[in-house]
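Respectively, the protein sequence lines represent chains F and R. The first sequence maps to residues 16 to 211 in the working numbering. The second sequence maps to residues 16 to 211 in the working numbering. The block underneath contains the structure these notes are about, expressed in structure tokens.
There are 2 protein chains.
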Amino acid sequence: MSQPLGRPREGRVDQAVAAAARALLAEQGYAQLTVDAVATRAGVGKAAIYRRYATKQEMIFAAVMHDLELTAPPDTGSLAGDLAAVTRDIVANLATPPPGVIPGLLADVHADGALAARFATGFVTAERTCITEILDRAVTRGELPRRPDPAVAHALLLGPVFAWLFLLMENRDTLPALAETVAATVAQALRDAEPP
Amino acid sequence: MSQPLGRPREGRVDQAVAAAARALLAEQGYAQLTVDAVATRAGVGKAAIYRRYATKQEMIFAAVMHDLELTAPPDTGSLAGDLAAVTRDIVANLATPPPGVIPGLLADVHADGALAARFATGFVTAERTCITEILDRAVTRGELPRRPDPAVAHALLLGPVFAWLFLLMENRDTLPALAETVAATVAQALRDAEPP
């Protein structure tokens, strides 16, 4: 059976565009990035990019967001351990893109309904699924009598990490210590809310 | 004694520009706002705006950020009460500007060193001062043996509110309940960390 014509080459173009976008984001920052520069770096025509993405924002979103989608960490045997693991994953996620990229993406998400929908079904849903699974494990273990609201747990875990990096611009070296405090605080709060 | 010439009129221009910027942000959103539109709405020339602000971003920043600077709430008599009050103030702050304005400002803060410096010395310092005062009151009352790190308390209070509104885009109607949970969780965590 013959390969569908053009497929491998199209895949290579996708990868080249994403790699060029990530490299230029690191070198130039979010606001300065242009489709022209990405096309030149990737060795493709601008038309090839605009066939894939309606806007510069969609191109950047595709290049960066995929890396930000969490998967649930292995079961550590306790709610506190699982929350510590997922909080470390959240930290790794948010601290990896070049400075300014996540705030830039977030502004575009709020300015563009199509990006907002992808952000909700990608980033937010992936994290929410992990957190829900961790809460369900705790219920199964008997650590919690029932599942707390995953949205609240999500805000309590993600929010302080985001604030440390992008609102308060605190020292990144102390981010691991912050993550430990956040996870321990949330584990205790969930146990206190409804003692088994 | 005569008034300094021109002062009142200059002050009126400042106010007209800020009011026009806020009105257009509410009508059109952050990304669409132009200095031209603000000048027209305010009834001033573009030159008058550019004499005040080097960029569109600085103009918006000045129009919005002043409203986001907290002052410490009155002493409620307890750490839990004070944290609940300041968290309500943080919610009011972040929920007031039109949707998209805070994420847009934040992206610009990360793209522009001068805005970043003003953000740090305005918004961040004002909130940090309030939180530090609240922690000091708790020490004075004997609720805490010593002052915990205000940066960590700040991230734990501000982060979940920001996440609820701008990352998770959860229901704004449940924001007061989230704020209560956040404040109670942080109060308990601070007391647990170092029992008196």
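Every residue gets a Cβ at the ideal spot worked out from N, C-alpha and C, and that includes glycine.
Item, Value
"Coarse secondary structure for Glu185 (chain F), derived from DSSP in three states", "coil"
"Interface flag, Ala34 (chain F) vs chain R, CB-CB below 7 Å", "no"
"Contact with chain C by Gly26 (chain F), beta-carbon distance below 7 Å", "Looking at the structure shown, chain C is missing, and the protein chains on hand are F and R."
"Val10 (chain R) versus R:Arg67, R:Cys145, R:Ala31, R:Arg66, residue with shortest Cα-Cα distance", "Residue numbering for chain R in the displayed model covers 16 to 211; residue 10 (chain R) lies beyond these limits and cannot be assessed."
"Cα-Cα separation, Val28 (chain R) to Ala141 (chain R)", "26 Å"
"Chain F within 7 Å of Glu185 (chain R), Cβ atoms only", "yes"
"Pick from F:Thr102, F:Pro88, F:Thr49, F:Ala34 that is closest to Lys71 (chain F), judged by C-alpha positions", "F:Thr49"
"Under 7 Å between C-beta atoms of Pro212 (chain R) and Val101 (chain R)", "Here chain R comprises residues numbered 16 to 211, so residue 212 (chain R) is not present and cannot be evaluated."
"Pro163 (chain R) beta carbon less than 7 Å from that of Leu171 (chain F)", "no"
"Residue-chain proximity (Thr200 (chain F), chain R), Cβ-Cβ < 7 Å", "yes"
"Interface partners of Met135 (chain R) on chain F, CB under 8 Å", "The question names Met, but residue 135 (chain R) is Ala in the sequence shown. By Cβ distance, chain F contributes Met184."
"Distance between Arg133 (chain F) and Arg24 (chain F) (C-alpha atoms, nearest Å)", "26 Å"
"Cutoff 7 Å; reference Ala63 (chain R); Cβ partners in own chain excluding five residues on either side", "Val28"
"contact_flag[the stretch 90-101 of chain R, the stretch 175-192 of chain R] where n(CB pairs < 8 Å) is 3 or more", "no"
"Sequence-distant residues of its chain with Cβ nearer than 8 Å to Val197 (chain R) (five each side left out)", "Thr102, Leu171, Leu172, Pro175, Val176"
"Buried/exposed call for Asn108 (chain F), threshold 16 Cβ in 10 Å", "buried"
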